[in-house]
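Everything on this sheet refers to the single structure shown next.
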Amino acid sequence: MALRSCRFTVYVAFQFTIVLLGNSTFATPGGGSPNVLSLLQPYDFLYYSGVRAYYSENWAKAAELLEKSIVTKDSLFRVRRQCHDECVAAGRGAFNNLDSEEGSMWDLWALDWVQQRAECLRFCIGRAVTRVGQLPVSSDIDYEFGTRNPYNFLQVTYYKLEKLQKAASAAHTYFVANPSHLEMRNNIEKYRRMKGVNEEAFQDREAEKEKHWALYDAALQYEASSDWVQAAKKWKACVNETLQQTEECRIQCEVASQRLPEDRGVDSVNGVFEKAAALALSLLSCRQACVTQVSTRPGRISAQEDYLPTQLEHLHIAQFKAGDISGAVQTLRSLLLFYPADKDSLDNLQLYYETLGGDKESQVTQPEQEIVKYVSRSLQEKKLLYFGMENLDFSFTDPDLWTPEDVVPESLREIWRAEKEKTNEKMKEGEQQEEVDDSGFFSGGSVPQVGVTITMDDEVLNGTNRVVLDGVMTKKECDRILQLAEVAASAGDGYRGRRSVHTPHETFEGLTVLRAVKLAQEGLVNQSDARLLHELGERVRVLLHSYFRSPSRLIISFTHLVCRSAIAGDQEGRLDLSHPVHVDNCLLEPETKQCWREPPAFIHRDLSAILYLNDNFDGGELFFTNRDAKTVTARVKPSCGRLVGFSSGPVNPHGVTAVTSGRRCALGLWFTKEKLYRDMEREEAEALWAADGHSVVKKDEEEAEGSGTTARNARSQAPKEKSRGRDRVMGGKDEL
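Numbering of the sequence shown is given in my numbering, commencing with residue 47 and proceeding in unit increments.
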C-alpha cells in the first residue's frame, strides 16, 4: 500500500495519457464498422465547405452545410459523453487489484487498467465517428464556434433564401454572443418589422448550453423583489446546473482527441515520458480551465470571478431569509470549503447556530457532498499542476481565487504572490476607474432658462455628471400634466398590463406623447396639455445640452410619463424598492462591479433625466449608488418642477425607494447622440399635428446624422432593403 500511495498520482496521470493517445493516434472504426458515410464527418470540414458555398453564393448548399456543421459538432460531443459513460467500468477488475499488488506487479495492473479503458473508448467512438472526425480541430475553428460565427453566415444565407424566420433566429443567436455588433443589431431591427417574422423567432439556439446563466439571472430577479423562497430555489438550481456544466466540460477534456506536445529534442526514451507527462498535465489544465469556460457569459471576454462560491453565498442568504436555517447552514459550510477563514461567513454561521437554538442535529450538518467532491478533486489537480510547473517547465494559469497558498510549492510562492498582487492592483484600478465617465459630457455649463436654478451639482451629489435643477416647470404646468395623467394614463402602459414591472406593492400607469396626441384628436384630453407634454421634452433637452456641455447634438430617444401608486394595506414590513438599482445603458453586476453594455440594456442611451410633477406621497426618492448597488452616494426628493439629469452609463447606478403611500408622477426622458435611435413616436405625433394644420415644435436642422459609419462585413451584412419607416420596438423596462 505504501508503494501505491507514492506512485498513485503518477499512474492516474499516465491513465489519462494512454486514453488520449488511444483517441488521437490509434483511433479506428470498430470491428464490423458501418458504412463510413453513416459516421459523423469532421465538423470543421463541413463548416469550411459551407463558408466556400456562401462566398460562391450557393445559398441552399451553404445553409445545408453550415447547419450540418453545428449539428455534427453537437452530435460529436454527445457521442463522447455516451462513450465515457459506457467505458467507466472498463478495467475495473485490474484497478481493484491495485490494492493487493506491490512492486512491478502494481505497474502491470495499472497498465492493464489504463489500456482497457483506452480500448473501450477507442472502439466506442470509432463506431460513430470517422477517423478524420476524431482528430482535434484547429484553434481557429474553436474560435469560430466559440463566437457563434456559423450563425453569422446563416442569417445572411437564410435571408437570401427568403426564410426570414430562420434568418431572424440565426441573427439573434449570433447577437447574444456579439452584442456590440452594430450591423447585426440593425438587421435584427429589420427582421422585427418584416411580415412573417414573429417573436418566437428571436430565441437563442444555444440557450440549452447556457441554462446556468438563465437561472443565475432569474435568481437575481427574485432577490430584487425580496421573494426569498423562489430566490433560494433558483440559486439551488443554478448551483446544480453549474456543477453539471462543469462536469460536462471536464468529460470532454478527457475524451476529446488531444495534440501530442512538440518534440524538444531529447532522447527517445526520455522523450516518451516527457510527452506522457505533458499530455497528462494538459488534460488536468483543460479540466481546471472548465471553471473559466462555465463562468464566462456568451460574448464576454472575462469570466465572472468566484462564480460558484458567489452562488453559494447568495444561496445561504436566501435560504436564511426564507426560513430554511438548516439548509443555510449546509450551504454556508459548503462555502467555507472555499474560504475557511472568511470572517463574515464564520459570523453568519454563528448567527445561524443561535437561530437554531437547541437543534444540535442541524448544527452538525455536513457540507453538500457534491461541493466536497468538487473542492477535493480540484485541489488534487492543482497540486499536480503546480508540481509540473516547478519540475517540468509546464505553464498553468490557476482560474480560482480561492486556491490556498499551501497548495503552491515554496519555490513558486513568490511568483504566485506577485500575480495575486497584480490582480489586486487591477481590482483597485477598476474601483478608481469607476469614477471616470467616458460619456463625453462635462457638467458645469450654463442654464439658459430664466427662473431655473442649480440646486445640487456633482459635488453635492457625490458623483460625476449629475445635476438637480429646480424651477423647470410652474405649479400650474405640473397640475396640467398631473390632470393629463389622471385622465389618460393607462395601467401598465408599455408593460403588458402588469400593475408594476418591479414590485407587487405598487400599481403602475404610463402615458407616451403619441398616445396623448391621439387622445387629444379624439377629444378625450385637452390639445394644449398634450402639446405641453411634448414641449417639456424639448425644454429638458435644451437645459441638459447646455449644462452638460455636450459636444454633439442631443436627440430625444424616449419620453414616458410614469405614475406609481402605493397599494393600500400592502405596505407593512415592505423591504423592496420601487425600482431596483440599475444602470440605464448597461447591465450592472454588483458582485463584480462590471457593467456590460449589451441588450437587454438600452445601450444607445447617453443621458437620462427625470422631471418630477408632485411631492404629495411618501417614499419614491431617487438615489445614486456605487457599482456595488449598496453604497448610497446621494438622494433626491421629488418636487414639482425639479429636474434630475445624469449620464446614462456605469458611473451613475440609481434606484427608487418604495412608494409607501400616495401617487408619485414623473416624466422620464432619455437622450442619445445617434439619430438612428431618435424617438419615432414624437415624429409621428408631430406629423399628426401637421396633418391637422397645427404648427409643431421646430426641429433642429443641424442634428447629427449619427456617430459614424460601420465597416461592412460580408459575413454579417444582409442586403439593404428598400427604405421603410423605422417602427420603434419597446423593450418595456425603461422607466425611472
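Virtual Cβ for every residue (Gly too), placed ideally from N, Cα, C.
As the structure is a prediction and not an experimental result, all values here were calculated from the model.
Measuring C-alpha to C-alpha distances from N572 to each of C609, R599, A531, A614 identifies A531 as the nearest. For L528, the uninterrupted alpha helix (DSSP H) run begins and ends at 521-534, by DSSP. The region 200-208 and the region 171-179 do not touch, with fewer than three beta-carbon pairs separated by less than 8 Å. Setting aside the 5 residues that flank it on each side, W274 is surrounded in the same chain by A364, K367, A368, each with a C-beta closer than 6 Å to its C-beta; the list follows chain order. Within the same chain, Cβ atoms closer than 6 Å to the Cβ of H591 are found at L600, the five residues on either side in sequence being excluded. Boundaries of the beta strand (DSSP E) harbouring V702: 700-702, taken from the DSSP string. Comparing alpha-carbon positions, the option among Q290, P225, F248 lying closest to A213 turns out to be F248. Residue pairing by DSSP places D516 opposite T499 in a beta bridge. The region 228-247 makes no contact with the region 94-102; the number of CB pairs closer than 8 Å stays below 3. Cβ atoms of L653 and V702 stay farther apart than 8 Å, at about 18 Å. In this structure, G242 sits away from Q201, with a CB-CB distance that is not shorter than 8 Å.
According to DSSP, L668 shares a beta bridge with V682, V702. Excluding the 5 residues flanking it on each side, G497 has same chain C-beta neighbours closer than 6 Å at G517, in chain order. In this structure L402 does not touch S391 by the C-beta definition: roughly 16 Å separates them, more than the 8 Å allowed.
Here DSSP, grouped into helix, strand and coil, assigns W448 to coil. Contact between the region 567-581 and the region 684-702 is not established, with fewer than three Cβ pairs separated by less than 8 Å.
Of the other Cβ atoms in all chains shown, fewer than 16 fall within 10 Å of the Cβ of G569; this residue is therefore exposed.
With a cut-off of 8 Å on Cβ pairs, the region 549-568 is not in contact with the region 634-645, counting fewer than three such pairs. With contacts defined as CB atoms closer than 8 Å, S341 and Q350 qualify as a contacting pair. If you check the CB distance, V285 and C129 do not come in under 8 Å. In this structure, the beta-carbon distance from L86 to L122 falls below 8 Å. Around the beta carbon of I116, 16 or more other beta carbons sit within 10 angstroms, so the residue counts as buried. Residue state for Q640 is assigned as strand, using DSSP reduced to three classes. Proximity of the region 644-651 to the region 675-688 falls short of the contact definition, fewer than three beta-carbon pairs being nearer than 8 Å. With a cut-off of 8 Å on Cβ pairs, the region 510-524 is in contact with the region 684-693, counting three or more such pairs.
DSSP places P626 in the strand class (E or B) of the three-state scheme. Residue pairing for F554: DSSP places it in a beta bridge opposite R610. Checking the DSSP bridge columns, you'll see Y658 partnered with A712. It is roughly 45 Å from the alpha-carbon of T377 to the alpha-carbon of T718. The DSSP-derived three-state label of I602 is strand. Judged by DSSP in its simplified three-state form, V559 adopts helix. For L397, the enclosing alpha helix (DSSP H) has its first and last residue at 389-402. Pairing V586 with L657 gives a Cβ-Cβ distance under 8 Å. DSSP places S457 in the helix class (H, G or I) of the three-state scheme.
Taking C-beta atoms as the reference points, E269 and A277 count as a pair closer than 8 Å.
Listed as beta-bridge partners of L653 by DSSP are S693, F717.
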